[in-house]
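Same order as they appear, the protein sequences are chains A and B.
For the first sequence, this note's numbering begins at 1 and goes up steadily by one.
For the second sequence, this note's numbering begins at 1001 and goes up steadily by one.
All C-beta atoms in this analysis are idealised placements derived from N, C-alpha and C, irrespective of residue type, glycine included.
Input: a single structure, listed below in structure tokens.
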Amino acid sequence: MNVEKKEKKRKTILVIIFIAAGFMLGIAIGFFAAHNAPAKTEGGIGFTVVPENNLNDSHAENGVTVPGITSMSVKAGSDRLVTGFYNPVENKDKYYLTFQLWAEINGKDELLYTSGLVEPGNSIYEIKLNKTLEKGTYNAVIHIQPYRMNKDLTPTNNADIKAVIKAV
Amino acid sequence: MKILKAAMALIMAAALTQSEVIDENDSESSGSVSVGYSVSASYEVTIPANVEFTDADKNTAIERPLQANNVLLEEGKHLNIYVKSQNGFRMVNNEGYIEYTLHANGSLISGTDNVKILTVSPGDKSGWVLLSFTSALSGDYSGFAGNYSDTLTFTVEMV
């Protein structure tokens, strides 16, 4: 009889522990989901003013990696330029990159090329320039704009990479 | 083992003899070949993609690292990284703005021009700087609900 009572008591304690563990797991999942909600800002720095019962944040944020290119070559008079534009694999599942190539020609900044979305791990080997270059060395800027891989393709902070184009 | 050593010695001796024959008898074979390998300077920079403040943490500094990795520079050259705010360190929308501050390794960054935040010295393969963002909003915001945003541009150059 005493053994039966003890067994019943043990089972009751186990059921209580099981229910409590499930309850705590539910709270943990809810907390995790709330803290990983997507950011709502259009730019890279944002403040969302929301009703108190609808707060969210997205502090679990990684950076976006952009490639550094210092020099490019083109044959004078040709509109084909070999680049080293690529989207590092570190951005996998997170960010597309786009590339714009600007060059200072006769004291004026001119847009020579605009890419589409480049997926992580992919690169652009050769591009077609909007205009040809005469023999010489040109100061250039590669404007790299990342976009989140979400439905809205939200743009983030971006980078300007200074380089030179050698037309030979 | 002795047989193997003897065989190796024989092969080496034969090769040596053969190379001497070519050098001595074939005057047309002399010449030079230019062998080159061009290594371009390169690097990767990881910038903060996004920083999001909310009412719940408006007075808490949010820290994000900026890192330069896999840095390969030309001899004697540095890698400089600058930051510039599109809206002068204001998060804006159509209804107004909310100011914020940016510190780089503890130094306040201000103004509307490029400000240098990191230099990677010649020979260094990496570098990093800690960026700290703080909303200047104190108390409740008296404007309209909505999203207020700014965009930072990080400029990188080898000099």
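For the putative contact between Val-1045 (chain B) and Phe-1154 (chain B), defined by C-beta atoms under 8 Å, what is the C-beta separation to the nearest angstrom?
If you number the second sequence from 1, residue 1045 (chain B) lands on position 45. If you number the second sequence from 1, residue 1154 (chain B) lands on position 154. Going by Cβ atoms, the distance from Val-1045 (chain B) to Phe-1154 (chain B) rounds to 7 Å, so yes, they are a contact pair.
Pull out every residue of the segment 1134-1151 of chain B whose Cβ sits closer than 8 Å to any Cβ of chain A, in chain order.
Ser-1135, Leu-1137, Tyr-1141, Gly-1143, Phe-1144, Ala-1145, Gly-1146, Asn-1147, Tyr-1148, Ser-1149, Asp-1150, Thr-1151
Using a beta-carbon distance cut-off of less than 7 Å, what residues from the segment 1025-1058 of chain B approach chain A?
Ser-1040, Ala-1041, Ser-1042, Tyr-1043, Glu-1044, Val-1045, Thr-1046, Ile-1047, Pro-1048, Ala-1049, Asn-1050, Val-1051, Glu-1052, Phe-1053, Thr-1054, Asp-1055, Ala-1056, Asp-1057
List the residues of chain A whose Cβ lies closer than 7 Å to the Cβ of Glu-1075 (chain B), in chain order.
As a working mapping, residue 1075 (chain B) is identified with position 75 in the second sequence. What Glu-1075 (chain B) touches in chain A: nothing, since even the nearest Cβ is about 13 Å away.
Does any CB atom of chain A fall closer than 8 Å to the CB of Val-1156 (chain B)?
By 1-based counting over the second sequence, the position of residue 1156 (chain B) is 156. Val-1156 (chain B) counts as touching chain A.
Taking C-beta pairs closer than 8 Å, name the residues in chain B that Pro-88 (chain A) reaches, listed in chain order.
As a working note, residue 88 (chain A) is residue 88 in the first sequence. The contacting residues are Glu-1044.
Below 8 Å, how does it come out for the segment 1144-1159 of chain B and the segment 154-167 of chain A: are there three or more Cβ pairs, yes or no?
They touch, by the three-pair rule.
So which of A:Gly-84, A:Asn-106, A:Met-149 has the shortest CA-CA distance to Lys-135 (chain A)?
Here residue 135 (chain A) corresponds to residue number 135 of the first sequence, with the count starting at 1. Closest option to Lys-135 (chain A), Cα to Cα, is A:Asn-106.
What separation, rounded to the nearest whole angstrom, lies between the Cα atoms of Asn-122 (chain A) and Ser-1030 (chain B)?
The residue labelled residue 122 (chain A) in the question sits at position 122 within the first sequence. The residue labelled residue 1030 (chain B) in the question sits at position 30 within the second sequence. C-alpha separation (whole angstroms): 45 Å.
Taking C-beta pairs closer than 9 Å, name the residues in chain E that Tyr-95 (chain A) reaches, listed in chain order.
Although the question refers to chain E, the structure presented lacks it and instead comprises the protein chains A and B.
Within 8 Å (strictly less), CB to CB, does Asp-160 (chain A) reach chain B?
As a first step, residue 160 (chain A) is located in the first sequence; it is residue number 160 there, counting from the start. Contact of Asp-160 (chain A) with chain B is assigned, a C-beta pair being separated by under 8 Å.
For Asp-160 (chain A), which of helix, strand or coil comes out of DSSP?
Mapped onto the first sequence, residue 160 (chain A) falls at position 160. If DSSP states are grouped into helix, strand and coil, Asp-160 (chain A) belongs with the strands.
Give me the chain A residues within the contact set of Thr-1153 (chain B), using Cβ-Cβ distance strictly less than 8 Å, ordered along the chain.
The count along the second sequence starts at 1 and reaches residue 1153 (chain B) at position 153. Those within 8 Å of Thr-1153 (chain B) in chain A are Asn-157, Asn-158, Ala-159, Asp-160.
Reducing DSSP to helix, strand and coil, say where Val-1194 (chain B) ends up.
This structure cannot settle anything about residue 1194 (chain B), because the visible part of chain B is limited to 1001 through 1159.
Taking all protein chains shown into account, do 16 or more other C-beta atoms lie within 10 angstroms of the C-beta of Ser-1126 (chain B), making it buried, or fewer, making it exposed?
Along the second sequence, read from residue 1 onward, the residue named residue 1126 (chain B) stands at position 126. It is exposed - the Cβ of Ser-1126 (chain B) has fewer than 16 other Cβ atoms within 10 Å.
Quick check on Arg-1064 (chain B): buried or exposed, where buried means 16 or more other Cβ atoms within 10 Å of its Cβ?
Within the second sequence, the letter at position 64 stands for residue 1064 (chain B). Arg-1064 (chain B) comes out buried.
Mind checking Tyr-1148 (chain B): buried by the 16 CB within 10 Å criterion, or exposed?
Working through the second sequence from its first residue, we reach residue 1148 (chain B) at position 148. Tyr-1148 (chain B) should be labelled buried.
CB-CB under 6 Å to Gly-44 (chain A), same chain, minus the five flanking residues each way: which ones, in chain order?
Translated into the one-based positions of the first sequence, residue 44 (chain A) becomes position 44. These residues qualify, in order along the chain: Thr-156, Asn-157.
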